[in-house]
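Student:
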Amino acid sequence: MMTGGGMLALLSKAKHPAVDWDALSRRILEESAQACWVVDGELVTVAVNPALCALLGYRAGELIGTHLLTYVAEESRSVLERQAAIRDLTAHRSYDVTLIRSDGMPLRVIFNDSRLDGGEVGTAPGFCIFVTDITRRSEEETQRALRVDQLADAVARMNRFLGQICQELKDPLSAILGATQMISSDAALPEPVGAAGQGSAQLGAYAALCSDAGRQMMRTIENLSLWSRLQLNQVPVDLRVYELGGLLQDVLEELEPRARSRDILIVNRIVATPVLGDLSALNTVLKHLIENAVRFSPSGSIVMLSAAPADGRVAVRVQDNGLGIPEELQPHLFRIDPHHAAPGADGEVGSGLGLLICKALVERMGGGIRIFSKPGGGTAVTVTLTQGLRAGL
0 MMTGGGMLAL LSKAKHPAVD WDALSRRILE ESAQACWVVD GELVTVAVNP
50 ALCALLGYRA GELIGTHLLT YVAEESRSVL ERQAAIRDLT AHRSYDVTLI
100 RSDGMPLRVI FNDSRLDGGE VGTAPGFCIF VTDITRRSEE ETQRALRVDQ
150 LADAVARMNR FLGQICQELK DPLSAILGAT QMISSDAALP EPVGAAGQGS
200 AQLGAYAALC SDAGRQMMRT IENLSLWSRL QLNQVPVDLR VYELGGLLQD
250 VLEELEPRAR SRDILIVNRI VATPVLGDLS ALNTVLKHLI ENAVRFSPSG
300 SIVMLSAAPA DGRVAVRVQD NGLGIPEELQ PHLFRIDPHH AAPGADGEVG
350 SGLGLLICKA LVERMGGGIR IFSKPGGGTA VTVTLTQGLR AGL
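Number 369 in numbering that gives the first Met the number 0 belongs to position 370 of the sequence shown; there are no gaps in the numbering.
Below you can see the structure in the form of structure tokens.
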């Protein structure tokens, strides 16, 4: 039986084959998936591995003997030059560089740079640079930064929009409070002799003011509620064929009193026109567009309603002779941005939420909406819907 001392003696006498470290290093370099670039002290390429050739799109013979800066993008050359200037101060460095592939495409990489020390102190005959491709990561970071900027812009626009909504609610509320204060003040005063009936007339005027302001507030709140449900995809759409002329009669009955109070004539040329749509969405869109036309039209003008079928579609047009929309504001009409809200004929400023709601509802019904306007020449809003006869229902 071999003792422990005998085993140690046997192991001490065991012969191990000598390792050719140079050959092993070359083999590791050739077979490594990590791109490697070896340059001399002047940054001239002396060796590359297949992974680097695949990364840059060059053959080894094309790279060897060329200067490293040949493949560095202009914006990264100063980085590489600074690193070269301090190469004798530290043995290992890591920094980002943009390279240019053989096809001209930029390539974001990390250089892990190690100095190859020479025989003399302070000399560096070359550098071994391990190259890591971070192009995808860089693109993802760029996209992430872009999304952050877009989100910040959306939040800023939403905050401005909420400020405008608050103002839109505050104005009618102020009118209601003012009217109630006047009612209270008048009630505290004794009625003059011979003024019988005047108090009732004033009270009626105050009541009408409160009623108008209340309806304005309710309309704003309803629009906010609908817009919120649209954003959450909580507004169902039941597409069926409806006769547009019949729907318009109900809408006009509701809006004509407001039009008459401003001496505006609504001319309806839409008769039997079947369209494919959702009943609630159609009513909402028609009401918003006609109400806007009345709101932005001067007293004594005409709002024209018409429809023209073509190629299985129906173009429903609401035309007013109002103030028109300045050209610089038109690209922003379907954005939540109160800075681009235009005042109505009576000077009131809306949030623009009605148009956003119309666009969302029309698109859910498979249609589109366009606005044509000229300052001083009125505005025409055209909604395109599927013709009912072609709907197959």
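All residues carry an ideal CB built from backbone N, CA and C; glycine is no exception.
These figures come from a predicted structure and were not determined experimentally.
1. Can you tell me the Cα-Cα spacing of Ala155 and Phe333, whole angstroms?
2. Report the residue ranges of all beta strand (DSSP E) runs contained in full by the region 90-135; include only those spanning at least 3 residues, in chain order.
3. Can you list the alpha helix (DSSP H) stretches of 4 or more residues lying completely in the region 278-310, in chain order?
4. Could I get the ranges of all uninterrupted beta strand (DSSP E) runs contained in the region 215-276, with 3 residues as the minimum, in chain order?
5. Whole angstroms is fine: what's the gap from Ser210's alpha carbon to Gln201's?
6. Give the C-beta separation of Gln318 and Ser372 to the nearest angstrom, bearing in mind that I take them to be a contact with Cβ-Cβ under 8 Å.
7. Answer with buried or exposed for Gln215, where buried requires no fewer than 16 other C-beta atoms within 10 angstroms of its C-beta.
8. How big is the Cα-Cα spacing for Ala32 and Asp39?
9. Helix, strand or coil for Ile368 per DSSP?
10. Would you mind working out which of Gly377, Ala292, Ile289 and Ile220 sits nearest Gly417, comparing C-alpha positions?
11. Between the beta-carbon of Met364 and the beta-carbon of Gly299, is there less than 7 Å?
12. Between Arg136, Arg369 and Arg92, which lies nearest to Arg411 when the distance is taken from Cα to Cα?
13. Are the beta-carbon atoms of Leu46 and Val130 separated by less than 7 Å?
14. Looking at the strands, I want to know which residues DSSP matches up with His66.
15. In angstroms with no decimal places, state the Cα-to-Cα distance between Ala309 and Glu242.
16. Grouping DSSP H, G and I as helix and E and B as strand, with all else coil, what is Leu145?
17. Regarding Leu231 and the ligand SAH, is the C-beta to nearest heavy atom distance less than 6 Å?
18. Taking the continuous alpha helix (DSSP H) assigned at Arg81, which residues delimit it?
19. Using DSSP with H/G/I as helix, E/B as strand and the rest coil, what is Leu384?
20. By alpha-carbon positions, which one of His91, Leu161, Glu30 and Glu252 ends up nearest to Trp226?
21. Excluding sequence positions up to five away, which residues of its chain have a Cβ less than 7 Å from the Cβ of Cys127?
22. Here's the rule I'm using: 16 or more other beta-carbon atoms within 10 Å means buried, otherwise exposed. How should Val293 be labelled?
23. Report the residue from Arg86, Ala83, Thr69 and Ala90 whose alpha carbon sits nearest the alpha carbon of Thr97.
24. Only counting the same chain, and skipping five residues up and downstream in sequence, which positions put a Cβ closer than 6 Å to that of Ala398?
25. Tell me whether the beta-carbon of Ile265 lies closer than 7 Å to the beta-carbon of Ala258.
26. Under three-state DSSP, which class holds Arg363?
27. Suppose you measure from the CA of Thr381 to the CA of Ser77; what does that come to, to the nearest Å?
28. Is it true that the CB of Ala174 sits closer than 7 Å to the CB of Ala204?
29. Just the C-alpha distance for Thr385 and Pro374, rounded to the nearest angstrom, thanks.
30. Do the CB positions of Ile133 and Ile109 come within less than 7 Å of each other?
Tutor: In short:
1. Roughly 16 Å separates the two Cα atoms.
2. Correct list: 91-99, 105-115 and 125-132.
3. Along the length of the region 278-310, whole alpha helix (DSSP H) runs at least 4 residues long occupy 278-294, reported in chain order.
4. 239-242, 264-267 and 273-276, all fully within the region 215-276.
5. A straight-line Cα-Cα distance of about 14 Å links Ser210 and Gln201.
6. Contact between Gln318 and Ser372 is absent: CB atoms are separated by about 10 Å, not below the 8 Å threshold.
7. Buried.
8. Distance between the alpha carbons of Ala32 and Asp39: 22 Å.
9. In the structure shown, Ile368 sits in a strand (DSSP, three-state: E or B).
10. Absent from the structure is residue 417, since the part of the chain shown begins at 0 and ends at 392.
11. For the 7 Å CB-CB criterion, Met364 and Gly299 do not form a contact.
12. Coverage of the chain is limited to positions 0 through 392, which leaves residue 411 absent and any answer about it impossible.
13. Here residue 46 turns out to be Ala, not Leu, going by the sequence shown. For Ala46 and Val130, no; Cβs fall outside 7 Å.
14. Looking at the DSSP assignment, His66 forms a beta bridge with Val43.
15. CA-to-CA, the gap between Ala309 and Glu242 works out to about 17 Å.
16. In the structure shown, Leu145 sits in a helix (DSSP, three-state: H, G or I).
17. With respect to the ligand SAH, the structure offers nothing, as it holds no ligand at all.
18. For Arg81, the uninterrupted alpha helix (DSSP H) run begins and ends at Glu73 to Ala84, by DSSP.
19. Strand, per DSSP.
20. Taking only the C-alpha atoms, the option nearest Trp226 is Leu161.
21. These residues qualify, in order along the chain: Cys35, Val37, Ser113 and Leu115.
22. By the beta-carbon neighbour count (other beta carbons within 10 angstroms, threshold 16), Val293 is buried.
23. The residue with the shortest Cα to Cα distance from Thr97 is Thr69.
24. This structure cannot settle anything about residue 398, because the visible part of the chain is limited to 0 through 392.
25. The beta carbons of Ile265 and Ala258 sit closer together than 7 Å.
26. It is helical.
27. Distance between the alpha carbons of Thr381 and Ser77: 57 Å.
28. It is not a contact, given that the beta carbons lie outside the stated cut-off.
29. In a straight line, the C-alpha of Thr385 is about 31 Å away from that of Pro374.
30. Contact: yes.
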